[in-house]
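Student: Residue numbers (this note's numbering), protein chains in the order written: chain X, 1 to 329; chain E, 330 to 588.
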Ligand SMILES: Nc1ncnc2c1ncn2[C@@H]1O[C@H](COP(=O)(O)OP(=O)(O)O)[C@@H](O)[C@H]1O
Ligand SMILES: [Mg+2]
């Protein structure tokens with residue numbers, strides 16, 4: 001037996017070449033697929049926009065009133081159609097605003113409680129329940145709002161009128177409290193709550209333990225730590241969560257259609273009956289609409305489409321402003 | 330302002346698991362004390378009992394006493410938040426706040442005490458702390474940039490600046506160099522040398538040369554067996570620990586005859 005060590009040979013394998021294509025096939029395919037998906041989404045959004053504009057034009061040409069400042073909705077009136085989106089815009093934005101004012105703080109509060117304050121058993125139960133609520137169809141919320149919340153909100157409406165009536169929006173001159181913008185807003189708030197809290201909880205639990213301990217070791221109280229270490233870290237995610245909720249509130253159709261007494265008026269007294277939203281208006285009027293009526297509804301849909309795009313763009317902007325500080329971490 | 334620490338009969342638990350048992354030791358003001366020992370023997374745990382960070386872990390608690398200039402920080406009328414404000418801590422991995430700029434990181438502890446400070450005052454604290462942490466020259470042009478954009482060694486010095494900006498009485502450091510390269514390690518060791526003029530420093534290290542270089546006193550911890558609580562084997566002036574330790578386990582450990 002020889003004890004000499006053979007020099008290591010390269011064997012039969014080809015020496016590895018450093019030449020060749022820098023981009024490998026997998027990378028190329030992946031890039032192609034992502035590019036294709038991205039373009040497809042843009043094309044679909046563009047196609048929806050063009051379709052809406054195309055179908056909206058006939059009614060906009062026939063309209064004898066100002067589309068943006070008119071509240072009335074009589075597009076099939078002959079010979080002079082009269083319709084506009086003023087009341088719809090008001091009702092949509094106002095109900096969505098109520099939903100946000102109530103839903104965002106409560107939703108984030110629930111998320112924070114689950115992520116920081118609750119013990120593990122309670123946290124997982126609560127997390128499960130919010131996820132479950134997020135999956136409840138909106139017709140259920142609508143029926144519940146109509147049959148349960150409407151009668152029970154009367155007392156609140158009266159209280160607001162009696163004690164906060166000096167603030168115009170809480171005054172109620174009709175002494176009727178059902179089918180109001182406020183009730184619709186509250187139902188929307190409850191609908192967006194699980195979305196907001198489920199997503200916020202997700203980002204709040206992702207705050208690194210080391211960041212939390214850095215704050216505590218500086219002598220932060222629990223709440224100071226939440227504000228110093230958790231909220232800034234989770235802010236982009238919480239904004240996204242709020243925007244998803246806002247999207248649902250702006251576009252919610254059936255629950256609002258059931259609850260609001262559909263009347264195309266601008267009424268700042270939010271506890272009084274009346275008001276309408278884009279989505280509810282479309283759902284309620286679609287079946288009985290004539291050709292111009294359909295085109296008018298599509299024109300209103302186009303505006304809703306534009307509003308949601310604008311809202312999302314603003315949200316992206318807010319998130320991007322802090323992106324630099326997160327990427328470097 | 331530097332204070333002495335006396336630990337007496339301290340046991341530290343994670344739930345039902347007793348991680349360290351029966352630790353008693355004293356730490357002189359304005360000195361550097363090193364905790365050495367094999368990993369898992371409870372060095373970090375003991376360190377974290379000194380500023381009541383141990384109990385932020387769910388179900389973790391201690392029994393025994395930790396006296397700060399004679400006062401038990403586990404006493405009934407002591408607020409752990411105030412304890413942590415007077416004792417600074419530097420962690421094993423640099424943990425600057427990722428959403429804050431360099432200067433915001435430095436003053437992060439100052440915004441907590443509710444005192445209003447002028448911009449000029451904050452600026453001077455930022456400069457003083459960064460200078461003390463030997464970081465000022467490297468970052469003075471980019472104080473409004475994210476702290477997370479610095480190198481690991483710079484981030485750790487930023488964390489030190491953040492800890493000393495509030496002028497604590499004691500500085501606890503848990504393996505502050507273990508994630509750093511040798512140059513950054515030397516920079517931090519130099520810094521410890523300067524800081525001990527003002528602060529009582531306790532440093533955990535797995536690096537025995539480092540303990541020998543920076544500390545006056547060394548405490549050796551050991552694990553008697555798997556699943557058993559860690560113990561303090563001996564604490565003595567550093568040169569005696571490294572030249573003639575009284576315990577066989579210490580000698581085995583420092584001479585490398587140890588798993
Ligand atoms: N958060 C924790 N939960 C449960 N056990 C822990 C935790 N942290 C540390 N321990 C245990 O406590 C013992 C001591 O750990 P530690 O103080 O980190 O040791 P060292 O810093 O000396 O390496 C180890 O057995 C470790 O597994
Ligand atoms: Mg450790």
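Note that the Cβ used here is the ideal one computed from N, Cα and C, for glycine as well.
Against residue 414 of chain E, what residues of chain X qualify as contacts under a CB-to-CB distance less than 8 Å, listed in chain order?
Tutor: Locating residue 414 of chain E in the second chain gives position 85, counting from the first residue. What residue 414 of chain E touches in chain X: 218, 219.
Student: Using the three-state DSSP reduction, which class does residue 548 of chain E fall into: helix, strand or coil?
Tutor: On the second chain, position 219 is the one that residue 548 of chain E refers to. Three-state result, residue 548 of chain E: strand.
Student: Pull up the DSSP beta-bridge partners for residue 73 of chain X, would you.
Tutor: Here residue 73 of chain X corresponds to residue number 73 of the first chain, with the count starting at 1. Beta-bridge pairing links residue 73 of chain X to X/83.
Student: From which residue to which residue does the beta strand (DSSP E) around residue 353 of chain E run?
Tutor: To locate residue 353 of chain E, count along the second chain from 1; it is residue 24. Where residue 353 of chain E is concerned, the enclosing beta strand (DSSP E) stretches over 346-356.
Student: Does any residue of chain E have a CB that is nearer than 8 Å to the CB of residue 321 of chain X?
Tutor: Translated into positions along the first chain, residue 321 of chain X becomes position 321. Chain E, which has no Cβ nearer than 8 Å to the Cβ of residue 321 of chain X, makes this no.
Student: Measuring CA to CA, which of E/499, E/556, E/569 is closest to residue 414 of chain E?
Tutor: The residue given as residue 414 of chain E occupies position 85 in the second chain. For residue 414 of chain E, the nearest C-alpha among the options comes from E/499.
Student: Tell me which residues share the same chain as residue 215 of chain X and place their Cβ nearer than 8 Å to its Cβ, disregarding the 5 neighbours each side in the sequence.
Tutor: On the first chain, residue 215 of chain X is found 215 positions in, with the first residue counted as 1. Excluding sequence neighbours, residue 215 of chain X sits near 224, 225, 228, 229.
Student: Given that a residue counts as buried once 16 or more other Cβ atoms are within 10 Å of its Cβ, and exposed if not, what is residue 480 of chain E?
Tutor: Taking the second chain and counting its residues from 1, the one referred to as residue 480 of chain E is at position 151. Looking at its Cβ environment, which holds fewer than 16 other Cβ atoms inside 10 Å, residue 480 of chain E is exposed.
Student: Which of helix, strand or coil does DSSP assign to residue 400 of chain E?
Tutor: Working through the second chain from its first residue, we reach residue 400 of chain E at position 71. The answer is strand: DSSP assigns residue 400 of chain E an E or B state.
Student: Relative to ligand 1, is the shortest distance from any of its heavy atoms to the C-beta of residue 368 of chain E smaller than 7 Å?
Tutor: Counted from its first residue, the second chain places residue 368 of chain E at position 39. Residue 368 of chain E: yes, Cβ under 7 Å from ligand 1.
Student: Report the neighbours of residue 362 of chain E on chain X: residues whose CB is nearer than 7 Å to its CB, in chain order.
Tutor: Locating residue 362 of chain E in the second chain gives position 33, where the first residue counts as 1. The contacting residues do not exist; residue 362 of chain E stays about 19 Å from chain X at best.
Student: How about residue 118 of chain X: is its C-beta nearer than 8 Å to some C-beta of chain E?
Tutor: The residue you call residue 118 of chain X lines up with position 118 of the first chain. No, residue 118 of chain X lies away from the interface with chain E (no Cβ there is under 8 Å from its Cβ).
Student: Should the stretch 549-566 of chain E be called in touch with the stretch 360-371 of chain E, which here means at least 3 C-beta pairs below 8 Å?
Tutor: Yes, they touch.
Student: Is it buried or exposed, residue 383 of chain E, if we count other Cβ atoms within 10 angstroms and call 16 or more buried?
Tutor: Here the question's residue 383 of chain E lines up with position 54 in the second chain. Counting Cβ neighbours within 10 Å, residue 383 of chain E comes out buried, since at least 16 surround it.
Student: Looking only at its own chain, which residues have a Cβ that is under 6 Å from the Cβ of residue 199 of chain X, when we skip the five neighbours before and after it?
Tutor: Taking the first chain and counting its residues from 1, the one referred to as residue 199 of chain X is at position 199. Once the five neighbours on either side are set aside, the close Cβ partners of residue 199 of chain X are 241.
Student: Please compile the residues from chain E whose C-beta is within a distance smaller than 7 Å of the C-beta of residue 233 of chain X.
Tutor: The residue labelled residue 233 of chain X in the question sits at position 233 within the first chain. The contacting residues are 427, 428.
Student: Just the C-alpha distance for residue 151 of chain X and residue 168 of chain X, rounded to the nearest angstrom, thanks.
Tutor: Here residue 151 of chain X is taken as the residue at index 151 of the first chain, counted from 1. Here residue 168 of chain X is taken as the residue at index 168 of the first chain, counted from 1. If I take the Cα positions, the gap works out to 23 Å.
Student: Please check the pair residue 417 of chain E and residue 493 of chain E, which I expect to be a contact at CB under 8 Å, by giving their CB distance rounded to whole angstroms.
Tutor: Counting from one through the second chain, the residue named residue 417 of chain E turns up at place 88. Counting from one through the second chain, the residue named residue 493 of chain E turns up at place 164. Residue 417 of chain E to residue 493 of chain E, Cβ: 6 Å. Contact.
Student: What is the DSSP secondary structure of residue 167 of chain X, reduced to helix, strand or coil?
Tutor: As a position in the first chain, residue 167 of chain X is number 167, starting the count at 1. Looking at residue 167 of chain X - three-state DSSP - the assignment turns out to be coil, as it is neither helix nor strand.
Student: Between which two residues does the alpha helix (DSSP H) harbouring residue 284 of chain X extend?
Tutor: Counting from one through the first chain, the residue named residue 284 of chain X turns up at place 284. Note, residue 284 of chain X: alpha helix (DSSP H), 278-285.
Student: Tell me the residue span of the alpha helix (DSSP H) that contains residue 30 of chain X.
Tutor: In the first chain, counting from the first residue as 1, residue 30 of chain X sits at position 30. From DSSP, the alpha helix (DSSP H) with residue 30 of chain X extends over 25-62.
Student: Please go through the same chain and pick out, in chain order, the residues whose beta-carbon is closer than 8 Å to the beta-carbon of residue 465 of chain E, but skip the five residues on each side of it.
Tutor: On the second chain, position 136 is the one that residue 465 of chain E refers to. Taken in chain order, the residues that qualify are 456, 459.
Student: At a Cβ cut of 7 Å, what residues of the stretch 434-467 of chain E count as close to chain X, listed as they run along the chain?
Tutor: If the cut-off is 7 Å between Cβ atoms, the stretch 434-467 of chain E has 437, 438, 441 near chain X.
Student: In chain order, what residues of the same chain lie with their CB nearer than 7 Å to the CB of residue 571 of chain E, ignoring the 5 residues before and after it?
Tutor: Indexing the second chain from 1 puts residue 571 of chain E at position 242. Here the set comprises 541, 583.
Student: Between the C-alpha atoms of residue 188 of chain X and residue 347 of chain E, what's the straight-line distance to the nearest angstrom?
Tutor: Here residue 188 of chain X is taken as the residue at index 188 of the first chain, counted from 1. Here residue 347 of chain E is taken as the residue at index 18 of the second chain, counted from 1. Near 51 Å, if we compare the C-alpha coordinates of residue 347 of chain E and residue 188 of chain X.
Student: Taking a Cβ distance cut-off of 7 Å, strictly less, list which residues of the stretch 374-395 of chain E are near chain X, in chain order.
Tutor: If the cut-off is 7 Å between Cβ atoms, the stretch 374-395 of chain E has 380, 382, 385 near chain X.
Student: Tell me the DSSP bridge mates of residue 529 of chain E?
Tutor: Stepping through the second chain from its first residue, residue 529 of chain E is reached at position 200. In DSSP, residue 529 of chain E forms a bridge with E/499.
Student: Give me the Cα-Cα distance between residue 564 of chain E and residue 221 of chain X, rounded to the nearest whole angstrom.
Tutor: Position 235 of the second chain, counting from 1, holds the residue named residue 564 of chain E. Position 221 of the first chain, counting from 1, holds the residue named residue 221 of chain X. Cα to Cα, the separation comes out at about 34 Å.
Student: Any Cβ of chain X within less than 8 Å of the Cβ of residue 410 of chain E?
Tutor: The residue given as residue 410 of chain E occupies position 81 in the second chain. Output row for residue 410 of chain E: interface = yes.
Student: My parser needs the alpha helix (DSSP H) runs of 4 or more residues fully inside the stretch 441-518 of chain E; what are they?
Tutor: If we require 4 residues or more, the alpha helix (DSSP H) runs fully inside the stretch 441-518 of chain E come out as 448-461, 465-468, 481-494.
Student: Between which two residues does the alpha helix (DSSP H) carrying residue 117 of chain X extend?
Tutor: For the purposes of this step, residue 117 of chain X is taken as the residue at position 117 of the first chain. Premise fails: residue 117 of chain X is in no alpha helix (DSSP H) and is neither H nor E.
Student: Can you give the Cα-Cα distance for residue 51 of chain X and residue 79 of chain X, rounded to whole angstroms?
Tutor: On the first chain, residue 51 of chain X is found 51 positions in, with the first residue counted as 1. On the first chain, residue 79 of chain X is found 79 positions in, with the first residue counted as 1. The alpha-carbon atoms of residue 51 of chain X and residue 79 of chain X are separated by roughly 26 Å.
Student: What do you reckon, is the C-beta of residue 210 of chain X under 7 Å from a heavy atom of ligand 2?
Tutor: Position 210 of the first chain holds residue 210 of chain X. No, the beta carbon of residue 210 of chain X sits no closer than 7 Å to any heavy atom of ligand 2.
Student: Just curious, the beta strand (DSSP E) that residue 334 of chain E is in, first and last residue?
Tutor: Looking up residue 334 of chain E in the second chain gives position 5. Per DSSP, residue 334 of chain E belongs to the beta strand (DSSP E) from 334-343.
Student: Suppose only complete runs of 4+ residues qualify. What are the alpha helix (DSSP H) ranges in the stretch 357-400 of chain E, listed by chain order?
Tutor: Qualifying alpha helix (DSSP H) stretches, in chain order: 372-379.
Student: Residue 184 of chain X and residue 259 of chain X: beta carbons closer than 8 Å?
Tutor: What you label residue 184 of chain X is simply residue 184 of the first chain in a count that begins at 1. What you label residue 259 of chain X is simply residue 259 of the first chain in a count that begins at 1. In contact: residue 184 of chain X and residue 259 of chain X (Cβ atoms closer than 8 Å).
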